[in-house]
Amino acid sequence: MGRNCAASQVRDNPGAMNSERPESRLPQPALSISFPESLPVSARRGEIEAALREHQVVIVCGETGSGKTTQLPKIALAMGRGRVNGGGLIGHTQPRRIAASSVAKRIAEELKTPLGEVVGYKVRFQDRLSKGASVKLMTDGILLAETQSDPLLKAYDTLIIDEAHERSLNIDFLLGYLRELLPRRPDLKIIVTSATIDAERFAMHFESAKGPAPVLMVSGRLFPVEQRYRPFEESREYDLNNAICDAVDELWREGAGDVLVFLPGEREIREAAEALRKHHPPGVDILPLFSRLSEAEQNKVFEPHGARRIVLATNVAETSLTVPGIRYVIDPGLARVKRYSYRNKVEQLLIENISQAAANQRAGRCGRVSNGICVRLYSEKEFNERPRFTDPEILRSSLAGVILRMKSLHLGDVERFPFLEAPRPKAIADGYQLLNELGATDDNNELTPLGKELSRLPLDPRVGRMILEARTRDALTEVLVIASALSGQDVRDRPQEAAQAADEKHKKFDDEKSEFMGYLKLWKWLGDSKGGEGEHKLSHRKHEALLRDNFVSPRRVREWRDVHSQLHTVVTEHGWRLNQSPATYEQIHLSMLAGLLGNIGQKSDDEDWYLGARGIKFYRHPGAHLSKKPGRWIVAAELVDTSRLYGRGLANIEPQWLPPIAGHLIKTQLLEPHWEKKAAEVVALERATLYGIVLYSNKRVNFGRVDPKAAREIFIREGLVNDELPEDLVRQLPFIGHNRRQIAKVEALEHKSRRQDVLVDDELIYAFYDDKLPAHVFSGATLLKWWREASKSDDKLLQLSQDELMRHEAAGVTSEAFPKVIRLGGVDCAANYLHQPGDARDGLTVTVPLFALNQVSEERAEWLVPGMLAQKVTALLKSLHQKPRARLTPLPDFVAEFIELTPFGQGGLVEVLLKAVKERTQLAVQRNDFKLEQLAPHLFMNFRVVDEHGRQLGQGRQLAALKAELGGQARSAFQALAALKLPAKEEAPKPAPAPVAAKGVRAEVVKKPEPARDASQAYTDWTFGELPELLEVRKGGQTLIGFPALIDKGAHVEIEVFDEPEVAAAKHRAGLRRLIALQLKEPLKFLEKNIPDLQRMSVLFMGLGTAEELRDQIIGVALDRAFLGDPLPSDPISFKRRIEEGRSRLNLIAQEVARAVHAVLQELANASRKLKDARPPKDVGDDISAQLQRLVPKRFAL
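If you read the sequence shown in full-length UniProt numbering, its first letter stands for residue 1, the second for the next number, and so on.
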């Protein structure tokens, strides 16, 4: 929002919008009207009067100095128009206030009447016009405002629209309005003046039945101006300021006279002034001239002076102000132009090349008093290539205020309004968009009730919207202060030479969070600083001195107060009350936000910029009056694009404030509607954006309230069909449990038969519920409420039957074909079936307890279960070569015959099938002709090994790999279950079969168990009775087959029970050897000392081990051969007999063993020596050495 936001529409309107109308006339003094002959317009007076009598509209085109501005109102008076002649007012508009007041004074002087009596003026906050005055000077904004209260402008009989070539927004609107008004006011005369030769456009605009409006050309009162073109190429060493200094030097040599230099802006003026002061000796006055300059500094330019001067001015000196004594002009050809960006919705101050018309206006400033010289710092070719005229304001402005006023005046669509130049459709759309942002128009671009109220306020739409919101939120007192501050220039001065001191003085006005609150602090300080009543109140002069000491501009403070007074008047006229108690921060900023929704910003996470509306990025203005950095969410009073896009007038806001005030603009999206089991409702995640800025996301919203139909479908599919209702709700709805059981039964049939076409698909189950449930049931709560009532008349409501759930009968799926338990390793293991290819558990999964793992038979596992055997046999047969397979056709018949004739589970399936294939084909088919790797994984049993607590320890289809990985743990678990008990002679009764355990294992007794005695005892002789080859171990109802064995413990032996016969046999032989050795201590001592050639053998054995290890091996082999021939002793009697039989031949056997060992060691030594002498390549030598180690390991004798 620009600084002049309130002014752009109020623009000089003092509050009372009622224009003067003809009243009962007071006696008027006779006027003495004269026309200076020196003015060119005086010579054309007769033509002008004749044209005005003949036509409603006359175009007068004259250059600066022609006298048209001062003489045209006098010509109208002389023609008998005006109140003094019994008519209406002669209205005379000017683009600027200073021009309106100065022209009024000048005309009053020429008429020799007091200002205000016959000729007066009315500008913003000033009205110097008596009731009987005839000529009214005013700004175009004043006349535009009067159209609301006086649509036909009946107060006027003549209107002079001066300086129409400036083509401000107000001028263009007036020209269009007047064109529409003329048919309804045939008595109204209009004079349009222009300082350029672009008069034909105005003439065609006011074309009537008589043709285009007449154009009268009036020459200017100008002296010749010499144009000099001095283009330069900017570089690091030579810039614009160097070019200005050189141009001044050139003009200085031409003789006396002051120089006027046009520059784009304040910064450029300061830089040029600094360069010129360094370049020129003392005695030359260098004066700046720009709109923000204080009144005293501006007046210096117009005061009499002796020294030569260089005036550095912005384009304010092109037409508005005439600087006396100027003989020379330097024109860089640049100006800072405010353009409205339709893409970013911001006003941009851009430095642009001026038009030819503006360049000629600048040149004309040095031809007012004598011959002049204009130095243009660009080429003549470039001048000729520039546009002839400056873009009208309507082509570079937001049209919101104009559209609002047009709608309130019922002028029809802006697209059809007779503008001099129709605005671009994009500009119109942007104007409508701003009005829509403010809530002034609806989606059809018609005024809303708020818009109608807004149109009655003679204010910029943004400011008006803030005030309307403040009225609602009890914040009018504060918002009037802030809005009036934003409508003018900042009252705080910051001169370059005292910037630090100014900043220090201004700190007391800074707020932590909001520059708006800073304005309130400043406003309060302005009131407090003047003091109270009586002697404590500062005089006007002292107060102004205090303001200057604090770097506050008295002139701008007056303007601020004037704007505040104007806004206050508007509020008072509408009967709105100011809030007596202070408004809160939230109340104030919600009111401001109402007019600034397009200026919000969200801080970037990583950088200093803010994300604004429609994707723009803007930065905190470096001069922001905040004592702390702005927060994450801010609003800016205005966005201005200079070197980068800056936000001015910043304030922290909370994003949660926006939805209530910007609801008509916020775009919400409901994303990812989904079923939430815990809440038992369909929830969507709401995401809200304002102009592309995310206000919030992932806000959980009950989707059923937004779209009951879609929510109902999701509820049925997820909550009911997919069984995702919370358990506490399920317990209150018996039909859910019933349907679960029915579906589980059918799914079990599917997995066993490996068919997915038994259970009806989800769509049919969905259709069942969709048919039964009413439209208003879309959540767990609505279902429960409805069901409680509906089930009173039908207790089986919503119950699915098994027939409804099955497409067809699953033939062959019986408990015999697909048993629930399979006996493996002596225990019953739970069997589970899954039809899910790719899953690790696809097919048949058997849960095997760890203690039974080593006893599981690979052969039994090959057979799977009867219901899967046909599929596996078929797959095995299909993996054969073509020749044998051809002799088995048709395969289904052979498979059925094989299954019928072959006992299930006896032997290995592959071996049994191989035999049957050989018999049928009479071919030499081999086992490896069956390509097992080609079989699908589900045709191999999947083993799931669990511990005693049911925790999974391993899973896979390779039984050997599982045994290799978990065999040691399995043996320990088995021995723990056996508890190392040995049976005695007594018999115990047979227990009843145990039920299947929760962990999928059932062990039943297959032989009468016997009481057991402790077997962990140490034995040095066979004192423990008979040691059976097999042992039944029972514990906790589990009966398993174990294999007892003597374990060598060095000085004694112990008894352990093993789950694998091979392991038990190896352990038992070593233990039995130890027990025999314990009976032959003395003979063995003698034998140890008398082994022949032990010393020589030890030398040969050195590479493998010690002499003691070699001796023990020889004695061990001798004991094996002497005592451990099959069958091994199994009781004390056979044990003693075996010792007696072998004792006599022990020494002889030992000598034979020693000789054989010696021979082996000698051969090994010979081979090693030959290898060394041969010096083979390293890889060959390493290979032979490795083979020798395998042939003769350390314990080669045993």
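Backbone N, C-alpha and C define an ideal beta-carbon position, used for all residues, glycine too.
Owing to the predicted nature of the structure, the values given are computational and were not obtained by experimental measurement.
The beta-bridge partner set that DSSP reports for glutamate 1056 consists of Ala1045.
In the structure shown, glutamate 638 adopts extended strand secondary structure according to DSSP, grouped into three states. If you draw a straight line from the Cα of leucine 111 to the Cα of lysine 524, it comes to about 46 Å. Put simply, the backbone Cα of arginine 267 is about 10 Å away from that of glutamine 496.
Secondary structure note for phenylalanine 618: its beta strand (DSSP E) is the uninterrupted segment 617-620. Counting along the chain, the unbroken alpha helix (DSSP H) around leucine 1110 starts and ends at 1107-1123.
For the options Thr889, Ser134, Lys131, Tyr121, the alpha carbon positioned closest to that of isoleucine 142 is the one of Tyr121. Between alanine 335 and threonine 390, the alpha-carbon positions lie close to 11 Å from each other.
Positions of the alpha helix (DSSP H) runs, each at least 4 residues long and wholly inside the segment 570-612, are given as 585-595 in order along the chain. When DSSP states are grouped into helix, strand and coil, aspartate 246 belongs to the helix group. Where methionine 217 is concerned, the enclosing beta strand (DSSP E) starts and stops at 215-218. Leucine 152 and arginine 179 have their C-alpha atoms some 12 Å from each other. Classified as exposed, valine 1099 has fewer than 16 neighbouring CB atoms from the shown chains inside 10 Å of its CB. In the DSSP assignment, proline 288 falls within the unbroken beta strand (DSSP E) covering 285-289. For glycine 595 against arginine 405, the beta-carbon gap comes to about 17 Å, at or over 8 Å, which does not count as contact. Taking aspartate 1120 as the centre and dropping the five residues before and after it, the same chain places the C-beta of Arg1073 closer than 7 Å to its C-beta, in chain order. Taking 8 Å as the cut-off, the Cβ atoms of leucine 175 and leucine 450 do not count as close. As DSSP reads the structure, histidine 506 sits in no beta bridge.
The beta carbon of phenylalanine 35 is closer than 7 Å to those of Ser42, Arg45, Gln71, Lys74 in its chain, skipping five residues each way along the sequence. For the set Pro1176, Pro1083, Asp1182, the Cα lying nearest the Cα of isoleucine 1139 is the one of Pro1083. A distance below 8 Å separates the beta carbons of serine 168 and aspartate 140. Cα atoms of alanine 976 and phenylalanine 943: separation of roughly 22 Å, rounded to the nearest angstrom.
According to the DSSP assignment, tryptophan 675 belongs to the beta strand (DSSP E) that extends over 667-676. The beta-carbon separation of tyrosine 646 and isoleucine 716, rounded to 55 Å, does not stay under the 8 Å limit for a contact. Three or more beta-carbon pairs separated by less than 8 Å are not found between the segment 439-450 and the segment 200-210, which leaves the two stretches without contact.
Within 10 angstroms of the beta-carbon of lysine 752 lie 16 or more other beta-carbons, which makes it buried. Linking arginine 823 to cysteine 829 through their CA atoms gives a straight-line distance of about 6 Å. In this structure, the alpha-carbon of serine 101 lies about 10 Å from that of aspartate 127. With respect to isoleucine 48, leucine 216 sits close: the two C-beta atoms are nearer than 8 Å. Segment contact: the segment 240-249 against the segment 91-98, fewer than three CB-CB distances shorter than 8 Å; contact not assigned. Scanning Glu237, Glu233, Glu109, Glu63 for the CA closest to the CA of serine 194 turns up Glu63. The DSSP-derived three-state label of aspartate 490 is coil.
With 16 or more other CB atoms across the displayed protein chains lying within 10 angstroms of its CB, glutamate 469 is buried.
If you draw a straight line from the Cα of lysine 677 to the Cα of aspartate 803, it is about 29 Å long. When C-alpha distances from leucine 959 are compared across Leu850, Leu639, Glu816, Asn1166, the shortest belongs to Leu850.
Inter-residue distance for alanine 440 and glycine 464 is about 10 Å (C-alpha atoms, whole angstroms).
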